[in-house]
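Structure, as structure tokens:
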Amino acid sequence: MNYSSDSLARARVCEAAQEHFCLRFEDGAECDAAPAGALRWSAELPAVGDWVRARRADATLALIENVEPRTTCISRQRPGGGGEQVLAANVDLIAIVMGLDGDYNLRRLERYLVQAAASGAEAMVALNKMDLCAEWPARLACVRAITSNAVALSAHESVAPIVEVVRGRTVVLLGSSGAGKSTIVNALLGESRQATQPVRESDSRGRHTTTRRMLIELPGGGALIDTPGLRELALWAGQDSVDDVFAGIAALARQCRFHDCAHAGEPGCAVSAALKTGELEPARWASYQKLLAEARYHERSVDQRAAAETKRKWKVIHKAIRHHPKYNR
């Protein structure tokens, strides 16, 4: 395969599956692509939403030479451990889609919001299927007590509450299977582009209708990144992101008499006092503790990985020096 020797062309990754990619170039052309050798062995392969520089072989194939620095990045810990998995890059808005049926779960929502806070992008919550839930106003109020940027809709009937929010922006849709992400995509596109399937009545869970992450351009400008439903979202975020989402609890902790207060009944503990008076909900406090512990573990793990990688690099350098002719005379 002969690749063009001309200057590299800028393109955006619109699909990604292991080492197979689809690129959309700035002239509108699309083609399949593979990473160049040096990029293939790097720690960071391109993700959907990435801007890359690629060399075209012909109209159907290109070689990705490098990835441009990301402005934002939504990630999670790879299932089973093993480091970071980038879900989408260079997004302006993370739309967390949650059904108002059996999918409704405030504790899971808090987890999504912490990960969104670590991304650098704006986040909003779209509560879908309001036509199936008579209590949707109360549930919307509960969500807005956690984050003010939340709307309720029924994607089968209208997506008017989010049309102007997504216009001209790159938006990634995140949520569980069956939450209605693909239905929202089809409604915004005005056509049935993404396949949809009914959810199980027993638990309101759906099967994976979307099987890969893909970027789809919107008719009125902007783009949507549809993603498969997430069965788990292990945090790839630090303590600051947890405190951003639980700002009220973080503020309470700063009011404690002792700087190292463990919030376990110590004298002058503002958190314990808030729990006693009902100002702080026990379930939200438990969620904060769980996510904070996970974030702290993540920070320790990242530090250990960074130290191990630095040690490995210096080991390679020292080995090269020992075997260099200049030092073996």
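For the sequence shown, position 295 matches number 295 in the UniProt record's numbering, and the numbering has no gaps at all.
Glycine is no exception: its CB is placed at the ideal position from the N, C-alpha and C atoms.
What you are looking at is a predicted structure, and each value in this text was computed from that prediction instead of being measured.
- Task: Check whether the Cβ atoms of Leu291 and Phe246 sit closer than 9 Å, and answer yes or no.
- Result: Walking along the sequence shown from the start, residue 291 turns up at place 291. Walking along the sequence shown from the start, residue 246 turns up at place 246. Contact: yes.
- Task: Note down, in chain order, each residue of its chain lying with its Cβ closer than 7 Å to the Cβ of Arg296, except the 5 sequence neighbours on either side.
- Result: Taking the sequence shown and counting its residues from 1, the one referred to as residue 296 is at position 296. Excluding sequence neighbours, Arg296 sits near Gln239.
- Three or more C-beta pairs closer than 8 Å, one from the stretch 117-134 and one from the stretch 89-100: is that the case here? The stretch 117-134, when compared against the stretch 89-100, does touch it at the 8 Å Cβ threshold.
- Task: Quick one: residues in its chain with C-beta nearer than 8 Å to the C-beta of His263, no 5 flanking neighbours on either side, listed in chain order?
- Result: As a first step, residue 263 is located in the sequence shown; it is residue number 263 there, counting from the start. Same-chain partners within the cutoff: Ala253, Cys256, Cys269, Val271, Ser272.
- Query: So which of Ser148, Leu100, Gly190 has the shortest CA-CA distance to Trp159?
  - Reply: For the purposes of this step, residue 159 is identified with residue 159 of the sequence shown, where counting begins at 1. First, the residue type needs correcting, since residue 159 is Val and not Trp in the sequence shown. Nearest C-alpha to Val159: Gly190.
- Task: Have a look at Glu30 and Phe21 and give me their C-alpha separation to the nearest angstrom.
- Result: Reading the sequence shown from its first residue, position 30 is the one you call residue 30. Reading the sequence shown from its first residue, position 21 is the one you call residue 21. Glu30 and Phe21: Cα-Cα distance of roughly 11 Å.
- Query: Applying the criterion that 16 or more other CB atoms from any shown protein chain within 10 Å of the CB defines a buried residue, is Glu110 buried or exposed?
  - Reply: The residue labelled residue 110 in the question sits at position 110 within the sequence shown. With 16 or more other Cβ atoms within 10 Å, it is buried.
- Message: I want to check one thing, is the minimum distance from the CB of Arg55 to the heavy atoms of the ligand FMN below 8 Å?
- Response: Annotation note on the ligand FMN: not contained in the displayed structure, which lists no ligands.
- Message: On the DSSP letters alone, give me the boundaries of the beta strand (DSSP E) that Ala16 sits inside.
- Response: The sequence position of residue 16 within the sequence shown is 16, counting from 1. That run of the beta strand (DSSP E) goes 9-17.
- Start-to-end residues for the alpha helix (DSSP H) that takes in Ser176: Position 176 of the sequence shown holds residue 176. Unbroken run through Ser176: none, as it is neither H nor E.
- Message: Distance check for Glu266 and Trp51, CA to CA, integer angstroms please.
- Response: Taking the sequence shown and counting its residues from 1, one reaches residue 51 at position 51. Taking the sequence shown and counting its residues from 1, one reaches residue 266 at position 266. Each residue's Cα considered, the two are about 52 Å apart.
- Could you give the C-beta distance for Asn105 and Gly180, rounded to a whole number, given that I count them as a contact under 8 Å? Your numbering for residue 105 matches position 105 in the sequence shown. Your numbering for residue 180 matches position 180 in the sequence shown. Not confirmed; about 15 Å, so no contact.
- Is DSSP giving Asp32 helix, strand or coil here? Within the sequence shown, numbered from 1, the residue matching residue 32 stands at position 32. The answer is strand: DSSP assigns Asp32 an E or B state.
- The alpha helix (DSSP H) enclosing Trp236, as first and last residue numbers: Indexing the sequence shown from 1 puts residue 236 at position 236. Premise fails: Trp236 is in no alpha helix (DSSP H) and is neither H nor E.
- Query: Is it right to say Gln85 is buried, meaning 16 or more other beta carbons lie within 10 angstroms of its own, or is it exposed?
  - Reply: In the sequence shown, residue 85 corresponds to position 85, counting from 1. By the neighbour-count rule (16 or more Cβ atoms within 10 Å), Gln85 is not buried but exposed.
- Jot down the residue ranges of each uninterrupted beta strand (DSSP E) in the UniProt domain "CP-type G" (80-233), minimum 3 residues, whole runs only, in chain order. 84-89, 93-99, 122-128, 150-152, 170-174, 214-217, 223-226
- Message: How far does the alpha helix (DSSP H) with Leu275 in it extend, from its first residue to its last?
- Response: If you number the sequence shown from 1, residue 275 lands on position 275. Segment 270-277, the alpha helix (DSSP H) holding Leu275.
- So is His298 buried or exposed if we call it buried at 16+ other beta carbons inside 10 Å? For the purposes of this step, residue 298 is taken as residue 298 along the sequence shown, with counting starting at 1. That one is buried.
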